[in-house]
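Q: Position one of the sequence shown corresponds to residue 177 (our numbering), numbered consecutively onward.
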Amino acid sequence: MLYLDNAATTKVNEKVMQEMLEARYAYGNSEAKFYAPAEDAKKLISLARQRVANIVNASPEEVIFTSGATEANNLVLKGSYWQNFRQKNKIVISSIEHSSVYDTCKFLESIGAELAIVSVDKTGMLNLAELEACLDEKTALVSIIYVNNEVGTIQNLDAIDEICKKHKVKLHIDATQAVGKVNINISKYSSLNYITFTAHKIYGPKGVGCLIKRNTEDNDIIPLLHGGEQENGLRAGTLANELIVGFGKACETAQLDFDDNHRKLIEYENIVLKKLQNKFGKRMKINNDFSNRIAGLLNIQLSGYNNMVLLKAISSDVAASTGSACAVSRPSRVLQNMGFDETTINESIRISISPYEEISNFDYLDKL
Ligand code: PMP
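#1: I'd like to know whether the C-beta atoms of L122 and I476 end up nearer to each other than 8 Å.
#2: Taking only the alpha-carbon atoms, compute the straight-line gap between E190 and T392 and give it to the nearest angstrom.
#3: Could you spell out the range, first to last residue, of the alpha helix (DSSP H) harbouring F434?
#4: Please classify A224: is it buried, with 16 or more other beta-carbons within 10 angstroms of its beta-carbon, or exposed?
#5: Candidates Q226, N464, V252: which alpha carbon is nearest D396's?
#6: Would you call the segment 412 to 429 and the segment 182 to 200 in contact, with 3 or more CB pairs under 8 Å?
#7: Within the chosen definition, does the segment 403 to 415 reach the segment 263 to 272 through at least 3 CB pairs nearer than 8 Å?
#8: Do the CB positions of I470 and Q331 come within less than 8 Å of each other?
#9: Using the C-alpha atoms, what's the distance from I371 back to Y365?
#10: Return yes when the C-beta of N395 is under 7 Å from any heavy atom of ligand 1, and no when it is not.
#11: Of all the options R439, G515, N417, which has the alpha carbon lying nearest to the alpha carbon of G356?
#12: What is the rounded straight-line gap between the Cα of S500 and the Cα of K209?
#13: Check whether the Cβ of S319 sits closer than 7 Å to any heavy atom of ligand 1, and report yes or no.
#14: Just list the residues that DSSP pairs F466 with in beta bridges.
#15: Suppose you measure from the CA of S235 to the CA of H402; what does that come to, to the nearest Å?
#16: With a floor of 3 residues, list each beta strand (DSSP E) that falls wholly inside the segment 339 to 385, ordered by position along the chain.
#17: Are the beta-carbon atoms belonging to C386 and V228 less than 8 Å from one another?
#18: Rounded to a whole number of angstroms, what is the C-alpha to C-alpha distance between N250 and G480?
#19: Determine the extent of the alpha helix (DSSP H) in which E198 is found, giving its start and end residues.
#20: Between S367, R509, A375, which lies nearest to T429 when the distance is taken from Cα to Cα?
#21: Should Y257 go down as buried or exposed, given a rule of 16 or more other Cβ atoms within 10 Å for buried?
#22: So, with DSSP's three-state summary, where would you put Y241?
#23: Of all the options A199, P507, A496, S530, which has the alpha carbon lying nearest to the alpha carbon of T519?
#24: Quick one: give me the first and last residue of the beta strand (DSSP E) that V232 is part of.
#25: Verify whether the separation of the beta carbon atoms of L302 and I336 is less than 8 Å.
#26: Tell me the rounded alpha-carbon separation between I527 and A496.
#27: Going by DSSP, what residue range makes up the beta strand (DSSP E) through T299?
#28: Can you round the beta-carbon distance between V318 and V345 to whole angstroms, since I take them to be within the 8 Å contact cut?
#29: DSSP three-state label for L251, please.
#30: Below 7 Å, is the gap between the Cβ of N182 and the nearest heavy atom of ligand 1?
#31: For D343 and D436, I'd like the C-alpha separation in whole angstroms.
#32: Tell me the DSSP secondary structure of N408 in three-state form.
#33: Which word fits Q263, buried or exposed, when buried means at least 16 other C-beta atoms lie within 10 angstroms of its C-beta?
#34: For F261, which option in T280, G328, N446, E290 has the closest C-alpha, if you only look at C-alpha atoms?
#35: Do S206 and A214 count as a contact pair if the criterion is CB distance below 8 Å?
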């Protein structure tokens, strides 16, 4: 089968799996002292923390391990709202956020937050003038999806940072779909206080992610979980040794393979496009913009084909999706807010390619 749903999740890399299996011997609690299994766990966690930090050029003490990007996004948004709402209760997001940001902000709005949702254009790029107009003395946080999970649009982080800097507002980016595909250097952006991402989109295990929180001394967010001093007091609970080790290795591998992966994604994407063009001809239309998006993520309309019916029919040969796996019960809000009509949305599929795919597997597309 050809797996084209890597934006939903990825297969664990063999090298990652190997390190996770070895990590099971370091079964101690990394917070415990003196005896070998705990000291070994501490060393492994420390190496993983360094590797995770490296991928965005952060420092290891800025890494707060969580159960994934959903938790990390909740931590930034709720934590920052709860810490700041008496003076600043406004949060600014885009209309194409992942549901772990969008729904969390809608919840915060229901308990008193002021929420501003900035529109995007047809290509998914944020309306920067609108963003700037939203920022005022009540704004605690701007939270933007750096690379969109349905169309792959890469936002202009330089410009967003400039605007946030000018208005002295802290910036969070959900970089879940960006790490491994876009170079991120946290130190370049002075308003960028928070970055969140997850292991399972970069060939690491499910169930582990992180918040990178700069200014570790600042008491700027309240934890979601209380009851332990772990992770600088911001995420209580015993650390998941094996998962964290896997996350670290996945980040290291993503950095090492970065150029190679980019080249392969372009090559494989061209194969996919050619095969689909041969099969569907004029019925195929590409929804995403090619000037500002990550390689390997295609959002394609196949006119005359209902996306659900099509995906089910091809599912034994090709795995793809209609969009976010976190919001499958409703039509894509992302495409809606980019201005696509209902027919286009119902006929569109998301294809997300792995650079580690066996090239011969692309022949499954010939069977469609
Ligand atoms: N943000 C984005 C942009 C995502 O694509 C996802 C995964 N669907 C998440 C957040 C949530 O990540 P996790 O599955 O680790 O909770």
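Cβ coordinates follow ideal geometry from the N, Cα and C atoms, glycine included.
A: So, from the data block:
#1: Outside the shown range of the chain, which is 177 to 544, sits residue 122, and nothing can be said about it.
#2: Our two residues, E190 and T392, have alpha carbons roughly 34 Å apart in a direct line.
#3: From DSSP, the alpha helix (DSSP H) with F434 extends over 434 to 456.
#4: Answer is buried; the Cβ neighbour count reaches 16.
#5: Selected option, being the one with the closest Cα: V252.
#6: Yes, the segment 412 to 429 is in contact with the segment 182 to 200.
#7: Touching, no, given that fewer than three Cβ pairs across the two stretches are closer than 8 Å.
#8: In this structure, Q331 does not lie closer than 8 Å to I470 by Cβ.
#9: Computed Cα separation, rounded: 11 Å.
#10: No, the beta carbon of N395 sits no closer than 7 Å to any heavy atom of ligand 1.
#11: Comparing Cα-Cα distances from G356 to each of R439, G515, N417, the minimum goes to R439.
#12: Whole-angstrom Cα-Cα distance: 43 Å.
#13: Not under cutoff, so the answer is no.
#14: Answer is none; F466 lacks a bridge partner.
#15: Answer to the nearest angstrom: the Cα atoms are 24 Å apart.
#16: Counting only runs of 3 or more, we get 346 to 350, 368 to 374.
#17: Annotated as proximal: C386 and V228, with beta-carbon spacing under 8 Å.
#18: Separation of N250 and G480 (C-alpha to C-alpha, rounded to the nearest whole angstrom) is 39 Å.
#19: From DSSP, the alpha helix (DSSP H) with E198 extends over 190 to 199.
#20: Across the set S367, R509, A375, the C-alpha of A375 shows the shortest separation from the C-alpha of T429.
#21: Classification for Y257: buried.
#22: It is Phe, not Tyr, that sits at residue 241 in the sequence shown. Correct three-state label for F241: strand.
#23: In this structure, P507 is the residue among A199, P507, A496, S530 with its C-alpha nearest to the C-alpha of T519.
#24: Here V232 belongs to no beta strand (DSSP E), and DSSP marks it neither H nor E.
#25: Yes; because the gap between Cβ atoms is below 8 Å, this pair is in contact.
#26: Those two C-alpha atoms are separated by around 6 Å.
#27: Per DSSP, T299 belongs to no beta strand (DSSP E) and is neither H nor E.
#28: Rounded, the Cβ-Cβ distance is 6 Å, consistent with contact.
#29: Reduced to three states, the DSSP call for L251 is helix.
#30: Remark: the C-beta of N182 is outside contact range of ligand 1, defined as less than 7 Å to any heavy atom.
#31: Note on residue identity: the sequence assigns His, not Asp, to residue 343. Cα to Cα, the separation comes out at about 39 Å.
#32: Note: N408 maps to helix in three-state DSSP.
#33: Its Cβ having fewer than 16 others within 10 Å, Q263 is exposed.
#34: Answer by Cα proximity: E290.
#35: Cβ atoms of A214 and S206: closer than 8 Å.
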